[in-house]
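Enquirer: Take any residue in the sequence shown, note its place counting from 1, add 23, and you have its number in my numbering. The C-beta atom is built at its ideal place from N, Cα and C for all residues, glycine as well. Got a structure for you, questions after.
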Amino acid sequence: MARPWNFSAGPSALPEAVLQQAAAEMLDWNGSGMSVMEMSHRGKHFVQICDTAESDLRELLGVPPDYAVMFMQGGGLGENAIVPMNLIGRRGYAAADFVVTGHWSTRSHKEAGRYGDAQIAATSGVATVIDGREQAPFSWVPPVDSWNVRPEAAYLHLCSNETIHGVEFMDWPDMAALGAPDVPLVVDASSHFLSRPMDVTRAGLMFAGAQKNAGPAGVTMVVARRDLLGKALPICPSAFDYANVAAEHSRYNTPPAYAIYIAGLVFKWIKAQGGVAAMEAANRAKADLLYGYLDSTAFYRNPVQASVRSRMNVPFVLRDESLNDAFLQGAEAAGLMQLKGHKSVGGMRASIYNAMPLEGVQALVDYLREFERRYG
Numbered sequence: 024m025a026r027p028w029n030f031s032a033g034p035s036a037l038p039e040a041v042l043q044q045a046a047a048e049m050l051d052w053n054g055s056g057m058s059v060m061e062m063s064h065r066g067k068h069f070v071q072i073c074d075t076a077e078s079d080l081r082e083l084l085g086v087p088p089d090y091a092v093m094f095m096q097g098g099g100l101g102e103n104a105i106v107p108m109n110l111i112g113r114r115g116y117a118a119a120d121f122v123v124t125g126h127w128s129t130r131s132h133k134e135a136g137r138y139g140d141a142q143i144a145a146t147s148g149v150a151t152v153i154d155g156r157e158q159a160p161f162s163w164v165p166p167v168d169s170w171n172v173r174p175e176a177a178y179l180h181l182c183s184n185e186t187i188h189g190v191e192f193m194d195w196p197d198m199a200a201l202g203a204p205d206v207p208l209v210v211d212a213s214s215h216f217l218s219r220p221m222d223v224t225r226a227g228l229m230f231a232g233a234q235k236n237a238g239p240a241g242v243t244m245v246v247a248r249r250d251l252l253g254k255a256l257p258i259c260p261s262a263f264d265y266a267n268v269a270a271e272h273s274r275y276n277t278p279p280a281y282a283i284y285i286a287g288l289v290f291k292w293i294k295a296q297g298g299v300a301a302m303e304a305a306n307r308a309k310a311d312l313l314y315g316y317l318d319s320t321a322f323y324r325n326p327v328q329a330s331v332r333s334r335m336n337v338p339f340v341l342r343d344e345s346l347n348d349a350f351l352q353g354a355e356a357a358g359l360m361q362l363k364g365h366k367s368v369g370g371m372r373a374s375i376y377n378a379m380p381l382e383g384v385q386a387l388v389d390y391l392r393e394f395e396r397r398y399g
């Protein structure tokens, strides 16, 4: 039976080769006689799995030694609390700034407000006009020269790819150019992690839930400059204190062992494809194909400013939204799954992460064209 094309925003499709290897190793990992789910997290077998995953991730992203790589629990949403608990008080007072460009950065800002003074440095949460086109709230990115970053802030937070609104930062700002050289950048990169090369040294800390591009739900990757560790608020649980987690190589407490194992297989799969540069080339081709068709017709519309359209998450609406149910039913019948947009914005959304091949995007474009022929 052929597998359908899964456009879920997360948990999302995994590479089929990874699923096949995991299935083959389910009862006996590498001759150990145990499933990975049965291993002690401090035993030699899992230590090898975890350390290899860290090494491969460092290689893929070019992470230097002065940055810690941690595998944690709690997901990206959990990091909205864990980051401020670790960083917001690092300068002796609790203050952090936020660039708010969609649902997830809004939630990050709100959560951080529980631990200190969380201010908005810039937001796209209002309508504007760009190049003569009206842009709805959260469909654009505020120009960097308009950001108001406090030099005394403990950090500046941004979500570099808004999964729901389909907005992506194509570059990360230079904090010195913003007049805040001592303010580290914190990046939530969850939904485009490992989709392209990223200079982690531009950020003081980057985190990403695995369930988009890097594995199953349950593990979150955190890459943090070591000099930022060890300054957690007294209320921070010891298991979420980055200093503890880094010192114990992600094994301070029992980690999400099986999720780390699957993520490690995904890292090896990406390396076998040619690394993140090859992923970027493939992702560009998929995004160009899909956006190219959406832009060629008035039957569908993508609402995002063209220069900041996400290559991972492509929201779109039908001109006649009374056809939404018919569209989704026909898509599922054609083997195109989970195209319904997030409930907060409606419409449709195709998430075309690393594991989605060009063939799947072509199948979606073919369906879009046929649906328009029938109902346009």
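(1) Report the three-state DSSP secondary structure of Asn276 (helix, strand or coil).
(2) If you follow the alpha helix (DSSP H) that Leu381 is part of, which residue opens it and which one closes it?
(3) For Gln142, name the three-state secondary structure that DSSP assigns.
(4) Ile187 by DSSP, collapsed to three states: which one?
(5) When the distance is taken between beta carbons, is Met335 closer than 8 Å to His215?
(6) Grouping DSSP H, G and I as helix and E and B as strand, with all else coil, what is Arg249?
(7) Identify whether Gln96 lies in helix, strand or coil by the three-state DSSP scheme.
(8) In whole angstroms, give me the CA-to-CA distance for Tyr265 and Gly155.
(9) Please report the straight-line C-alpha distance between Val299 and Asp348, rounded to a whole angstrom.
(10) With a threshold of 8 Å on Cβ separation, who are the neighbours of Arg332 within its own chain once the five nearest residues in sequence on each side are excluded?
(11) State the DSSP-derived secondary structure class of Leu181, mapped to helix, strand or coil.
(12) Rounded C-beta distance between Gly125 and Ile187? I'm assuming under 8 Å.
(13) Could you please give me the residues that DSSP links to Glu157 through a beta bridge?
(14) Below 8 Å on the Cβ atoms is my guess for Pro174 versus Pro34; work out the distance and round it to an integer in Å.
(15) Does DSSP put Met371 in a helix, a strand or coil?
(16) Alpha helix (DSSP H) containing Asp79: first to last residue?
(17) For Val340, name the three-state secondary structure that DSSP assigns.
(18) Quick one: what does DSSP say Asn109 is sitting in, helix, strand or coil?
(19) Kindly confirm or deny that the stretch 111–124 and the stretch 139–148 touch, where touching means at least three C-beta pairs closer than 8 Å.
(20) Taking Met229 as part of the alpha helix (DSSP H), name the residues at either end of that continuous run.
Expert: Looking at the coordinates:
(1) coil
(2) 381–398
(3) strand
(4) coil
(5) yes
(6) helix
(7) coil
(8) 46 Å
(9) 37 Å
(10) Gly189, Val190, Glu191, Ala310, Tyr314, Asn325
(11) strand
(12) 6 Å
(13) Val152
(14) No, Pro174 and Pro34 are not in contact; Cβ-Cβ is about 40 Å, not under 8 Å.
(15) strand
(16) 67–84
(17) strand
(18) helix
(19) yes
(20) Unbroken run through Met229 is the beta strand (DSSP E), 228–232; no alpha helix (DSSP H).
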